[in-house]
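Colleague: Take this structure first; my questions come after.
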Amino acid sequence: MSFYEIATLKTVIFGAGKASPGLQEWLANGKGTLLGAFAPDVGSLNEILLFRKFGTLDEMMTERERAIMSDNPMGCVEHLVDLKFDSLKAFDFLPEVTPGAYGPVYEFRTYKAKLNGVSVTQDKWRGAMPGRSEYSMLAFAGWGFDGAPRVTQIWPYASLDARTKARSQSVADGKWPAKGGPDWLTPDMTSAIAMPLPFSPMT
Numbered sequence: 017m018s019f020y021e022i023a024t025l026k027t028v029i030f031g032a033g034k035a036s037p038g039l040q041e042w043l044a045n046g047k048g049t050l051l052g053a054f055a056p057d058v059g060s061l062n063e064i065l066l067f068r069k070f071g072t073l074d075e076m077m078t079e080r081e082r083a084i085m086s087d088n089p090m091g092c093v094e095h096l097v098d099l100k101f102d103s104l105k106a107f108d109f110l111p112e113v114t115p116g117a118y119g120p121v122y123e124f125r126t127y128k129a130k131l132n133g134v135s136v137t138q139d140k141w142r143g144a145m146p147g148r149s150e151y152s153m154l155a156f157a158g159w160g161f162d163g164a165p166r167v168t169q170i171w172p173y174a175s176l177d178a179r180t181k182a183r184s185q186s187v188a189d190g191k192w193p194a195k196g197g198p199d200w201l202t203p204d205m206t207s208a209i210a211m212p213l214p215f216s217p218m219t
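Residue numbers (the numbering used here): 17 to 219.
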C-alpha cells in the first residue's frame, strides 16, 4: 500500500521556473517517487503542486521532516513564500498511480466531506467510476488523513474543451456524479487547472 502526498509550494510571482532547478535537486536527493509537478493556470496562482508516492508512512514522514527542519526547504526557499503538505491514501478500489502522458491539462479538485462522509464517498465512487471512466480517466482519488475529512481527485484531460465535454456529457447521461455521493460532501470545494512543469513525470 502506498501513501501519497501533494505538496503545495507558494512561490514569488512567476516563481515556478526560478524554483525548478533547486527543487529538482532536492527531489533527486530525497525519498519517495515523484509522480507529477504542476503549475496552476486557473485557481490559486504562483504555486507548484508536487504529487509524490511513498512506500511507507515512515518514508513520507522522514521526507516531510527533511523539508520542515531544513534551512533551505525544497531546495528553493528564496523563491517560496509558503509551503504545505497534504497526506493522502488512495481509494481502495483504484490501482497504483504511475507516471505517463495523460494530460496535458490536469484538474485538482478537493471536497471537504461531512464528518462521516469519507467511507461512504469511497463506496459511492467504487460503483460509479466504471461508468464515469467511459468519458475520461481518473488519475487519482483519495482521502486526506491529516486535517479535515476531505476527498481529493486528479483528473487529466487533453484540453479544456475535452474537460467540458467529458463533465457535461457524463452528467447528461446520468453517469456522474455518483448516485447519492454529493449528499456526503459539504459545499467547501476547491478546483485548480494545472499544467505539467518540464520535469514532471506525468505529462
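Ideal Cβ placement from N, Cα and C applies to all residues, glycine included. Model, not experiment: these values are computed from the prediction.
If you scan the stretch 72-118 from start to end, which runs of the alpha helix (DSSP H) of 4 or more residues do you find wholly inside it?
Modeller: 73-84
Colleague: Residue 102: buried (16+ other C-beta within 10 angstroms of its C-beta) or exposed?
Modeller: Residue 102 sits buried, since 16 or more C-beta atoms from the chains shown fall within 10 Å of its C-beta.
Colleague: Counting Cβ pairs, one atom from each stretch, are 3 or more of them under 8 Å apart for the stretch 96-111 and the stretch 151-162?
Modeller: yes
Colleague: At what residues does the alpha helix (DSSP H) containing residue 180 begin and finish?
Modeller: Where residue 180 is concerned, the enclosing alpha helix (DSSP H) stretches over 176-188.
Colleague: Sorted by chain position, which residues of the same chain lie with C-beta nearer than 7 Å to residue 179's C-beta, five sequence neighbours on each side aside?
Modeller: 121, 123, 173
Colleague: Can you give the Cα-Cα distance for residue 157 and residue 110, rounded to whole angstroms?
Modeller: 8 Å
Colleague: Residue 45: which of 91, 132, 23 sits nearest, CA to CA?
Modeller: 91
Colleague: Less than 8 Å between the CB atoms is what I'm expecting for residue 58 and residue 208, so what's the real figure, rounded?
Modeller: 7 Å
Colleague: Can you say whether residue 248 is buried or exposed, counting buried as having 16 or more other CB atoms within 10 angstroms of its CB?
Modeller: The structure shown does not extend to residue 248, since the chain is modelled only from 17 through 219, so no value can be given for it.
Colleague: Counting only runs of 3+ residues fully inside the stretch 125-179, write out the beta strand (DSSP E) ranges in chain order.
Modeller: 156-160, 166-173
Colleague: On the three-state DSSP scale, how would you describe residue 43?
Modeller: helix
Colleague: Does residue 138 come within less than 8 Å of chain D when only Cβ atoms are used?
Modeller: The question asks about chain D, but that chain is absent: this structure has only one protein chain.
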